[in-house]
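Heads up: the protein sequence lines correspond to chains A and B, in order. Residue numbers for the first sequence follow this note's numbering, so the first one is 2 and each next one is one higher. Residue numbers for the second sequence follow this note's numbering, so the first one is 531 and each next one is one higher. Glycine is no exception: its CB is placed at the ideal position from the N, C-alpha and C atoms. All values reported here derive from a predicted model rather than from experimental measurement. To start, the structure under review is shown below, and the notes come after it.
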Amino acid sequence: MAVQQLNVIVATDCGSTTTKAILIEKTPAGYRQTFRGEAPTTVEVPFEDVTRGVLNAMAELEELSGRKILDGEKIITPAKGNVGVDIYISTSSAGGGLQMTVAGVVASMTGESAQRAALGAGAIVMDVLVSGDRRQPHEKIERIRTLRPDMVLLSGGTDGGTIEHVVALAELIAAARPRTRLGATFKLPIVYAGNKAARPQVQKALGDSIELHITDNLRPTLQVENLAPARNEIHELFLKHVMMQAPGYKKLMSWVGAPIMPTPAAVGNMIQTAARQRNLNIVGVDIGGATTDVFSDFLVQETGLEAGKGARVFNRTVSANFGMSYSISNVLAEAGLENIMRWVPFAIDETDLRNRIKNKMIRPTTVPQLLEDLKIEQAIAREALRLSFIQHKALAVSLKGVRRARGFGESLDQAVSGQTVIDMPRLDLLIGSGGVLSHAPRRSQAMLMMIDAFEPQGITRLAVDSIFMMPHLGVLAQINEAAATEVFEHDCLIELGTCISPLNKAKPGAVCFDYTLTVDGVARTGSLKDHEMKLELLPVGTTATIKLQPHRSVDMGAGRGKSVEATVHGGVVGIVLDGRGRPLAIPEQNRQQFLTAWVQALDVYPGVPQAAR
Amino acid sequence: MAHTYTPGLRVTGHARVRKERRLPIAGTVLVQQGARVQAEDIVARAELPGTVAMVNVMNLLSIAANETPNYMLKREGDHVTANEVIAETRPFFKMFRSVAHAPLDGTIETISDVTGQVIVRAAPQPVDLRAYIDGVVVEVREHEGVVIETTAAFVQGILGIGGEVCGEIAVACARDVVIARESLTRDMAGKIVVAGAFVSSDVFARATELGIAALICGGFNDIDLRALLGRDLGVAITGHEDIKPILIITEGFGHIPMAKATHELLAAHAGQRASASGATQIRAGVLRPEIIIPADRAATAPAHSGGGEAGQAGLQVGACVRIIREPRFGALGKVKNLPTGLATVESETKVRVVEITCDDGATIIVPRSNVEAIES
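So this is what it looks like as structure tokens:
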């Protein structure tokens, strides 16, 4: 379809929990997002058809916009007056999280390496099959069948080592004839990352009923562990096959006017485009119901080049089992109750808290009606974001696909090799997206959640996706980049403001830094103490100059005790001065008083009076 | 969000239930197509080759390898029992006798005069596949398994723990009662016990002591579930836990009265045999725990239809709903009004809401996505 004919566009994102529909219309001022509707994603019985949720979301869109979009279950195209749309496009992550089974010949060698590769790719490892484990073959087969893994990682044997055992594992998997959770037409993907000499036999053993993907051996020799190829393959397969698939997916494919994109790919496109157009180092996050996706686009300085020169490196990771509905309980399991509780500014009984989290998992579309519930959800969100970012930093290395072999000693622990490209003091902009951030009742809540989870250092701008539309714009960019960019700039990105934080910690009770914020020639001065937070209002679209004079032990980016002067950007929240130091640690004593003081300073919750400023 | 979410749990008096039963390895199907089977019946069997043990007779008797057959008391194919002497020397003085014992029950597979080793293979290990439900074999898949079909009352829970069991249904208390330890009695051993609104860890322990097959309850505490599993249930994929009794939660976590339709249906079948499984997978392609009561044993079953169907129609004025989030989690009521505009609730979230008249007479406003339609 020619670009100029696209006057009315309807786009959906089928998430694991909610299907979001937006209407984009060409107005005299250009392309604008005009209306939004949503409905629960319908991957469960009684519907088991993702298109039902799409129709429901569109019906809400019709109701709110007054535009007739559906004729029964058919999308009316093209648009004529107030009827129909010119194109329907969609992204999908309805398939949800990634649960894998891994197999290796020796438990402490290839079995563990395979497990690390899968965990590194963000998967939950449901079972580890090992040649010599105590289970009988039929027990292993039964286990594969009942678990219905989304993917299997098969490894075993060093290159030139055992063939027999790894082929026996392949035969075991083939004998199980595992059925995927996503329907009969979907072939189970198996990533083979074992002895390269065994590839033909493994291929033969697995046959045609399985989708085999072969990558480099993750344990080419006993001393070397090479996880990156298997991890990358798992990641790609998850994006292309598992995540998008859901009951009714084929029907959805027949409705759209452009290929359906995986949600993380679409959001990643927008982040990458924004970083390159603005020449900024950006980290973006999209926190969903089942997964949390983190993106980064950094200018990586290369040795010998002058400052500001280098190569831009984009990384995308999908933490497949950190999310706010289907995966909320896994956030509790992985982060631990203490880590969640440290963000909750009131006392709550553990039994009650645990039950609330589990009930959200089993009834994922409920919303927090009580303020107390909202605070709990936002506490969990902090941990989901924090854990996902840790994973991203570990996987975001300078050159994609480079083999990073680990020594034998290194491979015995969980340490991740390679130098991350995420250099927090050089981060210019942090963008948040996803329900818990985009739909937070106050923007200051989104800003504080991101600061707490990502711990920006130095001077960092923050923004949030206004109503969660980055996936939609990412897929729109594939067919009309100008329209996507226009909507992104005008309707999508909400500037929250700037966070100013030291790179290290001040001495307890001491002054962290003094500051002078000059706005339109008027100076506001003040000091920030250790573990104090302050908010200076500065509207969206305005800039100010800030001069920071840190205490002699404090580093604001130029070195300990050295002053920094910079231009800061305003936002709907303003300039957040964060004296809590890095790494962020909440004092055990008087924890609730500290939390209360911080939320007061940023006017985060109702009923808590804002501190005078 | 205008539409409410309902997990779509089926609660019905009449359902056609098909269960595919597959052997883990190729074996023999023991029933014919059209055969009527009981849940405990073995419908197919496979045999795993027995484990192999090597006996180095040459070393044990201090003889040459080629002499091994001469000292054997057993021949290839002979059955042996564990610790039975299978080879011995016959010296002049008996005190200098050397012997070799069978390491396990099994059969002498080979006697090698090259290596002096004897291989003893244990008896094949049968792997039995049971029917799981009472019904009729509608399909036989040679060497693989069967498909069994039955007409049954069918109840799905929201989350379960543990595998498959069968037993008689017993009702221990009313649907809104937090069951006491004393309410579980010895005559409930081996039964599927319907246990009201909430089961505590203490009651669960009592059920284990009594040998109860399954506990069905409205709610359970996550903290108790963690203690039971020895870990946090991160991703809801269950069914392989080795616990007794199995647990099926019908409503959620905490104290929540069992849905009236669910309780009535189960109570109507008290004393009748049923099959139950705790296997659950909450993700796209969801699996729910289930209780299946074959209809030929329960011809008078009431034909309830559960939340799944109720939820499909969407919310309407007069519809019965249950609140599924705090405050008043678990409370029942009727839809009084469905305002079209967005409303701001206590958390300052702007949502579409529903006005409900609760069973206790109070009228409250709740986000639409925080209620589920239920049967009246």
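Neighbouring residues, chain A, relative to residue i (Cβ below 7 Å)
i                : result
Phe783 (chain B) : Asn356, Lys359 and Asn360
Val851 (chain B) : Result: empty, since nearest Cβ-Cβ is about 13 Å, beyond 7 Å.
Gly690 (chain B) : Near Gly690 (chain B) there are no residues of chain A at all, since even the closest Cβ is about 11 Å away, more than 7 Å.
Leu578 (chain B) : Gln137 and His139
Val670 (chain B) : Those do not exist, as Val670 (chain B) stays about 17 Å from chain A at its closest Cβ, beyond 7 Å.
Spatial distance of residue i from residue j (CA atoms)
i                : j                : result
Glu113 (chain A) : Gly105 (chain A) : 8 Å
Ile778 (chain B) : Tyr89 (chain A)  : 42 Å
Leu578 (chain A) : Pro442 (chain A) : 22 Å
Leu585 (chain A) : Pro201 (chain A) : 52 Å
Leu228 (chain A) : Arg220 (chain A) : 8 Å
Arg651 (chain B) : Ala556 (chain B) : 20 Å
Val192 (chain A) : Ala395 (chain A) : 22 Å
Asp294 (chain A) : Val286 (chain A) : 6 Å
Thr830 (chain B) : Arg858 (chain B) : At Thr830 (chain B) the pLDDT is 43, less than 50, meaning the model places this residue with poor confidence and gives no usable figure here.
Gln562 (chain B) : Leu689 (chain B) : 35 Å
Phe514 (chain A) : His532 (chain A) : 12 Å
Glu384 (chain A) : Cys850 (chain B) : 37 Å
Asp217 (chain A) : Ile432 (chain A) : 35 Å
Gln842 (chain B) : Arg364 (chain A) : Only weak support is given to the placement of Gln842 (chain B): the predicted model assigns it a pLDDT of 48, under 50, and the value that follows is read from those uncertain coordinates. Rounded to whole angstroms, Gln842 (chain B) to Arg364 (chain A) spans 16 Å at the Cα level.
Phe409 (chain A) : Ile452 (chain A) : Because Phe409 (chain A) sits at a pLDDT of 40, beneath the cut-off of 50, its placement in the model cannot be relied upon, and the following sentence gives the value as read from the coordinates. Phe409 (chain A) and Ile452 (chain A): Cα-Cα distance of roughly 37 Å.
Asp732 (chain B) : Thr611 (chain B) : 45 Å
Ala892 (chain B) : Cys15 (chain A)  : 37 Å
Under 8 Å from the C-beta of residue i: neighbouring residues of chain A
i                : result
Gln811 (chain B) : Arg149 and Arg182
Ser899 (chain B) : Pro41, Thr366, Thr367 and Val368
Gly769 (chain B) : Thr147
Given residue i as reference, the closest of the options once Cα atoms are compared
i                : options                                   : result
Glu237 (chain A) : A:Val319, A:Arg444 and A:Pro365           : A:Val319
Asp87 (chain A)  : A:Ala199, A:Gln601 and A:Pro79            : A:Pro79
Asp754 (chain B) : B:Gly636, B:Ile691 and B:Arg620           : B:Ile691
Val107 (chain A) : A:Ile460, A:Ala169, A:Ala12 and A:Phe489  : A:Ala169
Ala198 (chain A) : A:Glu212, A:Asp160, A:Leu228 and A:Ala229 : A:Asp160
Ile649 (chain B) : B:Ser731, B:Gly636, B:Thr558 and B:Leu862 : B:Gly636
Ala231 (chain A) : A:Ser210, A:Gly157, A:Ala266 and A:Gln302 : A:Gly157
Gly720 (chain B) : B:Glu672, B:Pro824, B:Val729 and B:Ala737 : B:Ala737
Lys27 (chain A)  : A:Ser17, A:Gln458, A:Val11 and A:Arg387   : A:Val11
Glu63 (chain A)  : A:Ile23, A:Pro365, A:Gln458 and A:Cys15   : A:Ile23
Glu45 (chain A)  : B:Ile886, B:Gly871, B:Gln811 and B:Val901 : B:Gln811
Asp353 (chain A) : B:Gly784, B:Ser807, B:Arg852 and B:Gln686 : B:Gly784
Val153 (chain A) : A:His139, A:Gly195 and A:Leu504           : A:Gly195
Phe323 (chain A) : A:Phe315, A:Val284 and A:Val332           : A:Val332
Thr870 (chain B) : B:Ala861, B:Val573, B:Arg882 and B:Leu862 : B:Arg882
His214 (chain A) : A:Ala171, A:Pro265 and A:Ile576           : A:Ala171
Interface partners of residue i on chain B, CB under 9 Å
i                : result
Asn322 (chain A) : Gly764 and Val765
Contacts of residue i in chain B (Cβ-Cβ under 8 Å)
i                : result
Asp374 (chain A) : Arg855, Glu856 and Ser877
Arg443 (chain A) : Glu878
Ile142 (chain A) : Pro554 and Ile555
Partners in chain B for residue i, counting only beta-carbon separations shorter than 7 Å
i                : result
Pro607 (chain A) : Glu878
Pro346 (chain A) : None at all; the shortest Cβ gap to chain B is about 14 Å.
Val44 (chain A)  : Ala814
Bridge-paired residues (DSSP) for residue i
i                : result
Tyr621 (chain A) : The first residue shown for chain A is 2 and the last is 614, placing residue 621 (chain A) beyond what the model contains.
Ala567 (chain A) : A:Ile547
Lys530 (chain A) : A:Val512
Cys703 (chain B) : Note: Cys703 (chain B) sits in no beta bridge, so no partner.
Ser805 (chain B) : B:Cys696 and B:Ile822
His631 (chain B) : B:Val615
Contact set between residue i and chain A, taken where Cβ atoms lie within less than 9 Å
i                : result
Val881 (chain B) : Val368 and Gln370
Within-8 Å CB hit, residue i to chain C
i               : result
Thr35 (chain A) : Included in the structure are the protein chains A and B, with no chain C among them.
Discussion item. Against chain B, which members of the stretch 266-291 of chain A pass a CB distance test of less than 9 Å?
Written reply: Along the stretch 266-291 of chain A, going in chain order, the ones with a CB nearer than 9 Å to a CB of chain B are Ala291.
Item to complete: Could you run through the stretch 539-554 of chain A and flag, in chain order, every residue whose CB is less than 7 Å away from some CB of chain B?
Response: Flagged: no residues at all.
Worksheet entry | Selection of the stretch 550-567 of chain B by Cβ proximity to chain A, strictly under 9 Å | When CB distances to chain A are screened at a threshold of 9 Å, the residues of the stretch 550-567 of chain B falling below it are Arg552, Leu553, Pro554, Ile555 and Ala556, in chain order.
Practice prompt. Would you list, in chain order, the members of the stretch 123-139 of chain A that have their beta-carbon closer than 8 Å to a beta-carbon of chain B?
Written response: For the stretch 123-139 of chain A, the set of positions with a beta-carbon nearer than 8 Å to some beta-carbon of chain B reads Ile125, Met127, Gln137, Pro138 and His139 in chain order.
Worksheet item: Can you list, in chain order, the residues of the stretch 726-756 of chain B whose Cβ is nearer than 7 Å to any Cβ on chain A?
Response: Those residues of the stretch 726-756 of chain B that come within reach of chain A (Cβ to Cβ, closer than 7 Å) are Asn751, Asp752 and Ile753.
Worksheet item: Which residues, taken in chain order from the stretch 92-118 of chain A, show a beta carbon closer than 8 Å to some beta carbon of chain B?
Response: Using a CB distance below 8 Å, the part of the stretch 92-118 of chain A facing chain B consists of Ala95, Gly96, Gly97, Gly98 and Gln100, ordered along the chain.
Item to complete: Please name the residues in the stretch 635-668 of chain B whose beta-carbon is closer than 9 Å to at least one beta-carbon of chain A, in chain order.
Response: Here the close residues are Gln655 and Val657.
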